[in-house]
Structures are given as C-alpha cells and as structure tokens.
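Below: one structure, written as structure tokens.
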Amino acid sequence: MLRVRFHGRGGHGMKTASRILGTAAFRSGLFAQDSPVYGAERRGAPIAAFTRIDRTLVLERGSIAAPDIVVIADDSLLDDPLVAPLSGLAPDGILILNSANPAEAVRERYSIPEGVRVFTLDVTETAQRILGHRAAVSAAMGALSCRAAGIADDAALSAAREELSEIGLPEALIRKNEELARACLAAADVPPLTVDRPGAPEPSVPLSVPAYDDPTVGTPSVYAPGNMPLRKTGGWRTVRPVIDLALCNQCWICFVRCPEGAISLDEKDNPHIDYDHCKGCLICVEECPTKAVAEEKEVRTW
Ligand code: SF4
Ligand code: SF4
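Below, the structure written as structure tokens:
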C-alpha cells in the first residue's frame, strides 16, 4: 500500500488534489481511498487530506501518521508546529513541496534524511504565469502526487479534469489547470514509489469506532473570552496586501470586510494592516474600490 498525506491551506485545493490521486489510481485499476480533515471552513487555515492506494481492498481507515509520500502546497506550513507536515514521513519516502527554495536548502533546514527524495517547484509562480493569477493548485499538486506514486501522467490529467469538472470549474479554467499540471509534470524529476515497494510501514492507525458524547456535551457553547489575537495568522500568508495611501479615499471598506480584523484605522481614517494577523486572503484587494491595495508575493528564502 502507498499512503500519501497532503497538507495545504483552505483555498489551495488540497482536498481536490487528494481526490485526483485517488481517482487516477482507481481508473488505473487500483483500489483507492481518500479523505480530508479540517476544522471550521476558513480560508488560509491548515488542512490535511489522505489518500491510500493498493492492489487489494483498502481496509485501513483514519488519518495517515506514517506516509510514504507527503505533498505540501505551501512551504510556510513547514514552520507551523501545529501542522508538523514532515512527521512520520518514511525514511525512503518522497516529499513534494510547492516552494521557491531549492530541495537541498529544504533538506538542510529541516534535517530531512538523505533517503527521502525531496522535490521542490514554485507551483504558485507557475500558476501565476499560466493562469494569470494565483489560483488553487489542486490540479498541479494532484498530478505531482500521481507522478510520485507511479501513476501514469495521462491518468493523472484525466482525473484532474474529472475532479475539476465535478466541482463546477468552467471548461476554459479546466484547460488552463491542465496546462499548469503538464508544466509541473514536465519539471518533475521524481523517481516514483510504487504500491508494490517492499518495506512499506505497517498500518499505524488502527480502525477505530468513534464514541459519541451526550448531546449536552457536544452542543457548542463558548465560555472562554475571545483569543483570536493569540493565533498569529500572518504565517499563513503567501501573498501580502500593501496599501498605497495616496490612492486611498478612506472609505473603510477594507476595514469592514477583513475577516481577521487585521486592518485598523488611524485618526485620519487611513487603513493600516497588522501583518502579524493578516492571513493574505486578499479580500481587501478585491474589495478596494480605488485599487489602493496591491498584492506582493511573500517570499521566504533561506
Ligand atoms: S488585511 Fe486583507 S489580505 Fe489580510 S486578512 Fe485582511 S482582508 Fe485578508
Ligand atoms: S478599501 Fe481601499 S480606498 Fe477604502 S479605505 Fe481601504 S484602501 Fe482605502
């Protein structure tokens, strides 16, 4: 069995990427299972998704603690201790990472063992070039995961089309995503693992039956004071909004619409961004009527 764990943020499309791998494997004659896990729907919040593929029925359930392949949609996730995306990765596994940083820099910074094959590609920049904007990278990351799992490119691309159609993407955008996936595959020099590889780890998460609490326990009740400022969501940002006050007419729209409350107004009603908490959703860019908010790619180089 091959176990593949995907990490991303709300909006990256990593749940769809995991489905692309599952569908491509299934259409290639394998058994497949995929499932995501995330909390409240929140753009930018970390999510994980899991795909298992095998030649026989997949009976193992639950999250994957010891993956053969890890696929990460954003290198800022590597520094989030609540995510710990490299945990449990097989010592001879594969890491696929969307990053502008070279593989060896990633290996050195995160002490990744030599046996792990690390492949990095700036998928976000490639998406910007091909799609004209930084969109979800599901097709590209899904196709790269297929390559790493030894699934044929044709199966990967047709699974990407199937999954993107299912979520209602228009045909023109599906074609652009296929182009993006092809470009990423062309750059992917990753010797794949296969479902038949020897020495795959034993199931690490046994099948379990959930126990349900009494409804009085499960009913949501909030007793603690708000703690939003404690979670510095600035680390989620891959793109930074920058306000040009010379173009701003002090309309307050960005201040009102920011979902993180990361924009404050000074005594002259000029907006200012708190970058410790701005998660880079770019709603302020979209909403600003005078185009006073520009976006800049957040570059983390080591
Ligand atoms: S400042 Fe802009 S980009 Fe940042 S969280 Fe608020 S709306 Fe989103
Ligand atoms: S939405 Fe634009 S114009 Fe309005 S306050 Fe914000 S930056 Fe200024």
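Residues in the sequence shown are numbered from 129 upward in steps of one, following our numbering. For every residue, glycine included, the Cβ atom is placed at its ideal position computed from N, Cα and C. These figures come from a predicted structure and were not determined experimentally.
TODO: Return yes when at least one heavy atom of ligand 1 lies under 8 Å from the C-beta of residue 420, else no.
DONE: no
Task: Beta bridge counterpart(s) of residue 132 as assigned by DSSP - done: 179, 197
Open item on the list: For ligand 2, I want to know if residue 388 counts as a neighbour, meaning its beta carbon is within less than 8 Å of at least one of the ligand's heavy atoms.
Closed with: no
- [ ] Assuming residue 418 contacts residue 358 (C-beta within less than 8 Å), just tell me the rounded distance between them.
- [x] Not quite, the Cβ-Cβ distance comes to about 33 Å (not below 8 Å), so this is no contact.
Open item on the list: Does the beta-carbon of residue 256, which I'm using as the reference point, lie nearer than 8 Å to any heavy atom of ligand 2?
Closed with: no
Open item on the list: What would DSSP say about residue 171, mapped onto helix, strand or coil?
Closed with: coil
TODO: Pull up the CB-CB distance for residue 379 and residue 391, whole angstroms please, since I reckon it's below 8 Å.
DONE: Between residue 391 and residue 379 the Cβ distance is about 12 Å, and since that is not below 8 Å, they are no contact.
- [ ] Please find out if some non-hydrogen atom of ligand 1 comes closer than 8 Å to the beta-carbon of residue 181.
- [x] no
Open item on the list: For a test of your reading of the model: does the CB of residue 320 fall under 8 Å from any non-hydrogen atom of ligand 2? Yes or no.
Closed with: no
Task: Backbone secondary structure at residue 359 - three-state DSSP - done: coil
Open item on the list: Taking the beta carbon of residue 257 as the centre, do at least 16 other beta carbons fall within 10 Å, making it buried, or is it exposed?
Closed with: exposed
Task: Span of the alpha helix (DSSP H), counted from its first residue to its last, around residue 253 - done: 251–259
TODO: Could you pull out every residue in the same chain whose Cβ sits closer than 8 Å to the Cβ of residue 241, ignoring the five residues on either side in sequence?
DONE: 219
Open item on the list: Taking a contact to mean a Cβ-Cβ separation below 9 Å, would you say residue 198 touches residue 221 in this structure?
Closed with: yes
Open item on the list: If I measure Cβ to Cβ from residue 166 and keep anything under 6 Å in the same chain, skipping five residues before and after, which residues do I get?
Closed with: 175
Open item on the list: Once DSSP output is grouped into helix, strand and coil, what is the label at residue 228?
Closed with: coil
TODO: Quick one: grab the DSSP three-state call for residue 162.
DONE: strand
Task: Neighbour-count burial assignment, residue 352, 16 or more Cβ in a 10 Å radius - done: exposed
Task: CB of residue 246 within 9 Å of CB of residue 275, strictly - done: no
Open item on the list: Between the region 269–288 and the region 146–160, can you find at least three pairs of beta-carbon atoms closer than 8 Å?
Closed with: yes
- [ ] Could you tell me whether any non-hydrogen atom of ligand 2 is closer than 8 Å to the CB of residue 411?
- [x] no
- [ ] Kindly indicate the opening and closing residues of the beta strand (DSSP E) around residue 371.
- [x] 367–371
Open item on the list: Suppose contacts are defined by Cβ-Cβ distances below 9 Å. Is residue 179 in contact with residue 162 by that definition?
Closed with: yes
TODO: State yes or no: is the C-beta of residue 415 nearer than 8 Å to some heavy atom of ligand 2?
DONE: yes
TODO: Measure how close the beta-carbons of residue 265 and residue 229 come, nearest whole angstrom, since I'm counting them as under 8 Å.
DONE: Not really, about 16 Å apart at Cβ, beyond 8 Å.
Task: For residue 239, the nearest candidate out of 206, 315, 281, 350 (CA to CA) - done: 206
TODO: Would you check if the distance between the CB atom of residue 386 and the CB atom of residue 406 is smaller than 9 Å?
DONE: yes
- [ ] Taking only heavy atoms of ligand 2 into account, decide whether any of them is closer than 8 Å to the Cβ of residue 219.
- [x] no
Task: Backbone CA spacing between residue 285 and residue 388 [nearest angstrom] - done: 36 Å
TODO: Grab me the residues of residue 154's own chain with a C-beta within less than 7 Å of its C-beta, minus the 5 sequence neighbours each way, in chain order.
DONE: 160
TODO: Give a single yes or no on whether residue 408 has its beta carbon closer than 8 Å to a heavy atom of ligand 1.
DONE: yes
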